[in-house]
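For the sequence shown, position 265 (counting from the first letter as 1) is numbered 264 according to numbering that gives the first Met the number 0, and the numbering increases by one without interruption.
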Amino acid sequence: MNSLRDTRVYSNLLILNEYSAKVNRKGHLNSKMAAFKVAKEYKIIHANTKTASEKIKQIKKVLFSSNISITKCSSFFYSIDEHIILEHKGMVIGNFPVDYSLIVNYSFEDIIRFNKEKDNEISRQNLDIIEIILEYLNYVVKVIEKSDIKRSIKSDIIDSLIGLINRKANSLKDALQRILFVNSIIWQTGHSLMGLGRLDKILDIFPCDESTDEILKEFLSVLHEFYNFKSTAMLGDTGQIIILGGLDADGSYFCNDYTYRFIEVAKLLHLPDPKLLLRVSESMPGDLLKSAVKCISTGIGSPLLSNDDKVIPAIIDFGYEYDDAYNYGVSACWEPLIIGKSFEQNNIGHIEFGKAMAECLRDSDVLSVYNFDEFKKLYFSHLKVLISKCLDQIDLLEWEYDPVLTVFTLSCLKNNKDISRGGAKYNNYGLLSVGLSSAVDSLLNIKHLCINSRRYTIKEIVQVVLSNYEDAKNINNILSSISDGFGTSNNEAISLTKEIVDFTENEIQNYKNKLGGGVKFGLSSPNYINLGHTTLATADGRRNGTPFKTHISNDQDSPTDIVLFASQLDYSGKKSNGNVVDVMLLTSIMSSNIDKLIDYIRTSIRLGVFQIQFNVVSYKQLLAAKNNPENFPHLIVRVWGFSAYFRDLPEVYKDVLIERARISEGIT
């Protein structure tokens, strides 16, 4: 919990709740005094109604109530007031990148003209927001003018900011300053987990020179500021992902000098954030993959590799248009969406495969099951109920009007709708999933031990599971030691996994949300620990409340086995919401095995993994870092879809990584 409590989001929510409660206790002097003290330190910007016009007023109050900070040692301007709190009346859209190419390739005058040509409700809303942004820009310029930063730096920053008004970007540094300015507004107005998009593609119009690396280094360092403020679930979970490389619609592979430079600079900075995602393909240059592998080998957890040869056909099958699919980005971690055209909220619910198994084992009907098909049918009945409940829950979501994100989503202008009301071209929801390995391994254990060999009765297995394996260490060991289950190349495990996944797809096939979009799901989730805590024991030897396996992983076998397993799954259509193979690699062998890792990744791409990420650590190193964190202040690990300092993780996350490293290294 310490990691969560350190984040500004958590602190702000607590303060807002406390403040609101105390203000509502009218007539109580002490409470009013306490609320006044809170209000002096934090500025709470209230919203009186749920209308778009009220949200616009709130945005203006936020920007002009914020304290503008100038960093003297930086040649970029980037200011976020951490003490501004917005009161929200509904769910706030986030978890995706805006289309920063609009900021680089056009001026606000251009965007104003686009909107005036339409002359509809949304165009007028956009014009109101742009007017507020321009007023704020002029306010910022005046503050910078009065600052005591170096005159040449001051002149460059002001030129870039004023240039936003009437011209497109004219240099790399100019483009990055424009991106930073808009990015700071997006964060300041209450949005979280906001990515940066395909920056190498956006910056392709500017030549690289001898100053490029230093400029990118400073840019990434600036984005790393406000690390606590930007973190949500825990420190490091900022959503600041930069997407690099990728197939173009003509079949060629796009990369440029910036693709390489971003990877190299990230490697040199050795920061957990921002993070990188590299779109890979069999047709990518070999030296680019080598550059990525060298970066991965440093242990920063970046880049995550997303296989265009698999992802693009899958998301076309889901319903994205051909050209759009080739320009895909991702949400805060790995979930595909279309940059500049998507509302996609890809992390709003979970399909709990493991929980369905736990409930199946506690169903009284399980004791009357006599064959595997009957047991499987009972499991699917519980899974069906949980999927239905999940869809019912996301149906209740109410989104706040979002004039800021609407401005940067051009299809909203065409559709004359706010992005929160279906204005984007794509308006789908995305679900994650947890516990699939527990479900598959539990089913296989029941089949092998109770049905085929009759070593145990179902009643005996159910009894020890319900007792949380108390006084049943032998059975626990047997169930836990399944050698041909989830994550292996065993055909039976693969077939059963496919059957569960296909069943899930069928259950969500006809779902439509309030905005007219569908729903997709993936086999990755950040909640393998949290949802494990709320799930009772399962028949794979897992005890009450213990974590599920991370994403698509199997630390007991070689990294090759999990790739052979994952590459045989079908990720098309509604199964395309992120499917990450998660691999543990030993630090000590990386330096001398770069070429072997390159071959491994090439094989993974060719075989058809969807996405893959790596933790480059060792059991000994992690154990020492837990016991003596002061000796490992800069040790970085991959958590779920983000990287973080190991020292900042809650103890349970540290323990999971330590245990995974122990198992993967075969330490008893």
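Beta carbons are placed, not taken as given, at the ideal position from N, Cα and C, and that holds for glycine.
Beta-carbon separation (whole angstroms), Leu-246 vs Tyr-325, contact threshold 8 Å: Counted from its first residue, the sequence shown places residue 246 at position 247. Counted from its first residue, the sequence shown places residue 325 at position 326. At roughly 6 Å, the Cβ-Cβ gap stays under 8 Å, so Leu-246 and Tyr-325 are in contact.
Other residues of its chain near Gly-515: CB distance less than 7 Å, five sequence neighbours each side excluded: What you label residue 515 is simply residue 516 of the sequence shown in a count that begins at 1. Hits under 7 Å: Gly-421 and Asn-426.
Secondary structure, beta strand (DSSP E): runs of 3+ residues fully inside the segment 260 to 313: 274 to 279 and 303 to 306
N- and C-terminal bounds of the beta strand (DSSP E) containing Gln-612: Your numbering for residue 612 matches position 613 in the sequence shown. Counting along the chain, the beta strand (DSSP E) containing Gln-612 begins and ends at 610 to 616.
Every unbroken alpha helix (DSSP H) within the segment 406 to 494, with a cutoff of 4 residues, ordered by chain: 409 to 414, 435 to 444, 457 to 465 and 472 to 479
Assumed close pair Ile-311, His-269 - CB separation to whole angstroms, cut-off 8 Å: Here residue 311 refers to the residue found at position 312 when the sequence shown is read from its first residue. Here residue 269 refers to the residue found at position 270 when the sequence shown is read from its first residue. Between His-269 and Ile-311 the Cβ distance is about 32 Å, and since that is not below 8 Å, they are no contact.
For Thr-496 and Ser-159, the rounded distance between their alpha carbons: Sequence index remark: in the sequence shown, residue 159 carries index 160 (1-based). Sequence index remark: in the sequence shown, residue 496 carries index 497 (1-based). Each residue's Cα considered, the two are about 53 Å apart.
Start and end residues, alpha helix (DSSP H) containing Ile-58: Along the sequence shown, read from residue 1 onward, the residue named residue 58 stands at position 59. Taken as a continuous stretch (DSSP letters only), the alpha helix (DSSP H) holding Ile-58 covers 51 to 64.
For Asp-647, the three-state DSSP class (helix, strand or coil): Your numbering for residue 647 matches position 648 in the sequence shown. Three-state DSSP puts Asp-647 in a helix.
Residue span of the alpha helix (DSSP H) that contains Glu-116, given as start and end: To locate residue 116, count along the sequence shown from 1; it is residue 117. Counting along the chain, the alpha helix (DSSP H) containing Glu-116 begins and ends at 107 to 117.
Stretch pair the segment 590 to 608 + the segment 519 to 529: three plus CB contacts closer than 8 Å: no
Gln-57 to Asp-80 span [Cα, whole Å]: Looking up residue 57 in the sequence shown gives position 58. Looking up residue 80 in the sequence shown gives position 81. Gln-57 and Asp-80: Cα-Cα distance of roughly 15 Å.
Start-to-end residues for the alpha helix (DSSP H) that takes in His-82: The residue given as residue 82 occupies position 83 in the sequence shown. Per DSSP, His-82 belongs to no alpha helix (DSSP H) and is neither H nor E.
Alpha-carbon to alpha-carbon, Gly-531 and Val-463: Within the sequence shown, the letter at position 464 stands for residue 463. Within the sequence shown, the letter at position 532 stands for residue 531. Distance between the alpha carbons of Val-463 and Gly-531 is about 19 Å.
For Val-140, the first and last residue of its enclosing alpha helix (DSSP H): For this step, residue 140 is matched to residue 141 along the sequence shown. That run of the alpha helix (DSSP H) goes 120 to 145.
Simplified DSSP state of Phe-520, which is helix, strand or coil: Within the sequence shown, residue 520 is the residue found at index 521, counting from 1. Strand at Phe-520.
Helix, strand or coil at Ile-187 [DSSP, three-state]: On the sequence shown, residue 187 is found 188 positions in, with the first residue counted as 1. First, the residue type needs correcting, since residue 187 is Gln and not Ile in the sequence shown. Three-state DSSP puts Gln-187 in a helix.
Distance CB(Glu-399)-CB(Met-90) smaller than 9 Å: Along the sequence shown, read from residue 1 onward, the residue named residue 399 stands at position 400. Along the sequence shown, read from residue 1 onward, the residue named residue 90 stands at position 91. Yes, Cβ-Cβ distance for Glu-399 and Met-90 is below 9 Å.
Short Cβ contact (9 Å threshold) for Tyr-257 with Asp-203: Numbered from its first residue, the sequence shown carries residue 257 at position 258. Numbered from its first residue, the sequence shown carries residue 203 at position 204. Yes. Within cutoff.
For Ile-43, the nearest candidate out of Lys-60, Lys-49, Ser-52 and Asn-576 (CA to CA): To locate residue 43, count along the sequence shown from 1; it is residue 44. Looking at the Cα atoms, Lys-60 is the closest of the given residues.
Limits of the beta strand (DSSP E) - the one that Val-103 falls within: As a working mapping, residue 103 is identified with position 104 in the sequence shown. Note, Val-103: premise wrong, no beta strand (DSSP E); alpha helix (DSSP H) at 100 to 104.
Ile-418 vs Phe-342 beta-carbon contact at 9 Å: For the purposes of this step, residue 418 is identified with residue 419 of the sequence shown, where counting begins at 1. For the purposes of this step, residue 342 is identified with residue 343 of the sequence shown, where counting begins at 1. Yes; because the gap between Cβ atoms is below 9 Å, this pair is in contact.
Cβ contact (3+ pairs, closer than 8 Å) linking the segment 167 to 176 and the segment 101 to 115: yes
Rounded straight-line distance, which links the Cα of Ser-617 to that of Ile-657: What you label residue 657 is simply residue 658 of the sequence shown in a count that begins at 1. What you label residue 617 is simply residue 618 of the sequence shown in a count that begins at 1. Ile-657 and Ser-617: Cα-Cα distance of roughly 8 Å.
Neighbourhood of Ile-593 by C-beta, 8 Å cutoff - its chain only, sequence neighbours within 5 removed: Here residue 593 is taken as the residue at index 594 of the sequence shown, counted from 1. Cβ within range, chain order: Lys-289, Val-292, Lys-293 and Ser-296.
Arg-637 - containing alpha helix (DSSP H), residue span: As a first step, residue 637 is located in the sequence shown; it is residue number 638 there, counting from the start. Run containing Arg-637: none in the alpha helix (DSSP H); it sits in the beta strand (DSSP E), 635 to 637.
Contacting residues, own chain, Cβ-Cβ under 6 Å from Tyr-369 (five flanking each side not counted): As a working note, residue 369 is residue 370 in the sequence shown. If we look at Tyr-369 and ignore the five residues flanking it on each side, it has no Cβ neighbours.
8 Å CB neighbourhood of Leu-126 in its chain, flanking five on each side removed: As a working mapping, residue 126 is identified with position 127 in the sequence shown. These residues qualify, in order along the chain: Ile-111, Asn-114 and Lys-115.
Inter-residue Cα distance where the pair is Asp-212 and Leu-198: Locating residue 212 in the sequence shown gives position 213, counting from the first residue. Locating residue 198 in the sequence shown gives position 199, counting from the first residue. So the alpha carbons of these two residues sit roughly 14 Å apart.
C-alpha distance - Ala-443 paired with Lys-573, whole-angstrom precision: The sequence position of residue 443 within the sequence shown is 444, counting from 1. The sequence position of residue 573 within the sequence shown is 574, counting from 1. Note that residue 443 is Leu in the sequence shown here, rather than Ala. Rounded to the nearest angstrom, the two C-alpha atoms are 26 Å apart.
Counted within 10 angstroms of its Cβ, other Cβ atoms place Cys-332 as buried (16 or more) or exposed: Your numbering for residue 332 matches position 333 in the sequence shown. Cys-332 should be labelled buried.
As assigned by DSSP and simplified to three states, the class of Thr-667: Position 668 of the sequence shown holds residue 667. Coil.
Closest Cα partner of Tyr-570 within the set Pro-649, Met-583, Thr-534 and Gln-610: Locating residue 570 in the sequence shown gives position 571, where the first residue counts as 1. Comparing Cα positions, the closest option is Gln-610.
Distance between beta carbons of Ser-330 and Asp-307, contact taken as under 8 Å: One-based indexing of the sequence shown puts residue 307 at position 308. One-based indexing of the sequence shown puts residue 330 at position 331. With a Cβ gap of about 17 Å, Asp-307 and Ser-330 do not count as contacting.
Backbone secondary structure at Val-91 - three-state DSSP: The residue given as residue 91 occupies position 92 in the sequence shown. Residue state, collapsed to three classes: coil.
Neighbour-count burial assignment, Arg-150, 16 or more Cβ in a 10 Å radius: Walking along the sequence shown from the start, residue 150 turns up at place 151. Exposed: under 16 other Cβ atoms inside 10 Å.
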